[in-house]
Amino acid sequence: VGALAQKDVGEYLNKYFVSSYQKVSTFTLTAGGQKQGGNVASYFCTPEGRVLHVVAGPVSGAKLLEEARWVEETWKLAEMQRAESVGQLQSLFRAAHLERLAKDYNLRLSARQLPQQESSSAVTPIRGPRVDALLNRVAEPQAKVHLLLAVYSVPKIARVYGTVFESILNQAISTTPVVQNR
Amino acid sequence: VQPQKPVSAASAAKRNAQPAKEAKSGPTPPPPPVLAVNHIAKEPRAPEQVEFSTAGPPAKDPVQSVVQQVTVKKEQSVCSTQTCKGNDNFCGTAVAFLPSPKLAEEEAAKQHKLVFVLHVSGNFEDPGFT
Numbered sequence: 005v006g007a008l009a010q011k012d013v014g015e016y017l018n019k020y021f022v023s024s025y026q027k028v029s030t031f032t033l034t035a036g037g038q039k040q041g042g043n044v045a046s047y048f049c050t051p052e053g054r055v056l057h058v059v060a061g062p063v064s065g066a067k068l069l070e071e072a073r074w075v076e077e078t079w080k081l082a083e084m085q086r087a088e089s090v091g092q093l094q095s096l097f098r099a100a101h102l103e104r105l106a107k108d109y110n111l112r113l114s115a116r117q118l119p120q121q122e123s124s125s126a127v128t129p130i131r132g133p134r135v136d137a138l139l140n141r142v143a144e145p146q147a148k149v150h151l152l153l154a155v156y157s158v159p160k161i162a163r164v165y166g167t168v169f170e171s172i173l174n175q176a177i178s179t180t181p182v183v184q185n186r
Numbered sequence: 470v471q472p473q474k475p476v477s478a479a480s481a482a483k484r485n486a487q488p489a490k491e492a493k494s495g496p497t498p499p500p501p502p503v504l505a506v507n508h509i510a511k512e513p514r515a516p517e518q519v520e521f522s523t524a525g526p527p528a529k530d531p532v533q534s535v536v537q538q539v540t541v542k543k544e545q546s547v548c549s550t551q552t553c554k555g556n557d558n559f560c561g562t563a564v565a566f567l568p569s570p571k572l573a574e575e576e577a578a579k580q581h582k583l584v585f586v587l588h589v590s591g592n593f594e595d596p597g598f599t
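So the sequence lines, in the order shown, correspond to chains A and B. If you read the first sequence in our numbering, its first letter stands for residue 5, the second for the next number, and so on. If you read the second sequence in our numbering, its first letter stands for residue 470, the second for the next number, and so on.
Below, the structure written as structure tokens:
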């Protein structure tokens, strides 16, 4: 959240994105004011609510800006290539996430090694033992994000937010209010 | 396969247009220290935050670190973009937030922009509860 107070981050996000927020978890505030638990995930989505990218956990303003620019520039590439169907977007962003995996985490996979893209109408949550096994192939949270979005490209946010928070950030999804121990 | 809206050159130009709300701040913006004082004075929780941010070594809890970063930023120069002055939609950041992802998606479709959604633990509107 501190990254969002930076002028350059604010200007960029306000120019290229429409922003919102949502409570998906909780934490405990002790009597001494210490926080127990809690985390944050930043989603970059299409106007249809399809996830192009996620930044898992708190990051610096520079890092958030870098990731936002990557999303926006990759999106411009999709526009230039007239990738107007979900299938075309899936292929383009799968390749983009695979490229990041290779460049940033030295994990080289080709699209042919991955399962076939899911149907654009799929609604079931992307989670379970198979997904956990997939994510366990890499250690760093951001590498897990790239791997998840390479295999399950451009999913609806409702399908992946649970996996991002619980399997990548190790923070339980919860609708309960913040607990204050007085 | 769901077809998506084609993106025209006109819509791309609209996406690159500067937001009109920045013109509201007037020709000569006030100096940052004055803004910071004004902003903190409007928030009843501010004294607690300042004390919290300066106490002890850096926290290991990532969320606590985030709150500390926000607080330090407020002490230095709150709302350096001058777009959030007196506007609760910024939630103490330099980013304009709509109150729900659904609204953001609708607005993004109109403006031919993408959507940025923050998933948080706690209440984002309250700096002490995220």
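A virtual CB, placed ideally from N, CA and C, is assigned to each residue, including glycine.
Bridge partners of Gln184/A according to DSSP: Leu33/A. Following the DSSP letters along the chain, one finds Tyr165/A inside the alpha helix (DSSP H) bounded by residues Ile161 to Gly166. For the segment 37-89 of chain A, the full-length alpha helix (DSSP H) segments reaching 4 residues or more read 65-84 along the chain. Per DSSP, the beta bridge partners of Gln26/A are His588/B. Gly14/A: member of the alpha helix (DSSP H) spanning Lys11 to Tyr20, first to last residue. With a cut-off of 8 Å on Cβ pairs, the segment 120-136 of chain A is not in contact with the segment 39-49 of chain A, counting fewer than three such pairs. The segment 566-579 of chain B and the segment 29-36 of chain A do not touch, with fewer than 3 CB-CB distances between them shorter than 8 Å. Within the segment 91-118 of chain A, the residues whose Cβ lies closer than 7 Å to some Cβ of chain B are Gly91, listed in chain order. Residues are counted here when their Cβ sits less than 8 Å from a Cβ of chain B; for the segment 6-20 of chain A these are Gly6, Ala7, Leu8, Ala9, Gln10, Lys11, Val13, Gly14, Glu15, Leu17, Asn18, Lys19 and Tyr20, given in chain order.
Using a Cβ-Cβ distance cut-off of 8 Å, the segment 62-71 of chain A and the segment 106-121 of chain A are not in contact, since fewer than three pairs of beta carbons, one from each stretch, lie closer than that value. CA-CA distance, Val564/B to Ala578/B, rounds to 19 Å. DSSP, reduced to helix, strand and coil, places Phe593/B outside both helices and strands of the structure shown, so it counts as coil. In this chain, the alpha helix (DSSP H) harbouring Pro145/A covers Pro145 to Val155.
When Cβ pairs closer than 8 Å are counted between the two stretches, the segment 52-59 of chain A is seen to touch the segment 149-163 of chain A, the count reaching three or more. Arg141/A and Ala115/A do not touch by the CB rule: their CB atoms are close to 16 Å apart, not below 8 Å.
Bounds of the alpha helix (DSSP H) holding Ala137/A are Pro133 to Leu139. Between Leu93/A and Ala87/A, the beta carbon gap of about 5 Å places them in contact (Cβ cut-off 8 Å). For Trp74/A, there are no C-beta contacts with chain B under 9 Å, since the nearest C-beta of that chain is about 12 Å from it. Residue pairing for Leu583/B: DSSP places it in a beta bridge opposite Phe21/A. Note that the C-beta distance between Val28/A and Gly591/B is not below 7 Å. For the segment 39-53 of chain A, residues whose beta-carbon sits nearer than 9 Å to a beta-carbon of chain B comprise Lys39, Gln40, Gly41, Gly42, Asn43, Val44, Ala45, Ser46, Tyr47, Phe48, Cys49, Thr50, Pro51, Glu52 and Gly53.
Thr30/A has a beta carbon lying within less than 7 Å of a beta carbon in chain B. Assignment of beta-bridge partners to Leu567/B by DSSP yields Ser24/A. C-alpha of Cys560/B to C-alpha of Thr78/A: approximately 29 Å in a straight line.
Listed in chain order, the non-local C-beta contacts of Ala176/A below 7 Å within the same chain comprise Ser29 and Glu170, local neighbours out to five positions each way being set aside. In the three-state scheme derived from DSSP, where H, G and I count as helix and E and B as strand, Glu122/A is classed as coil. With a threshold of 16 other beta carbon atoms within 10 Å, Val127/A falls short and is exposed. Classified as buried, Gln146/A has 16 or more neighbouring CB atoms from the shown chains inside 10 Å of its CB. In this structure, the beta-carbon distance from Tyr156/A to Ala72/A does not fall below 7 Å. By the rule that beta-carbons nearer than 7 Å mark a contact, Val22/A touches chain B.
By the neighbour-count definition (other C-beta atoms within 10 Å, threshold 16), Leu81/A is an exposed residue.
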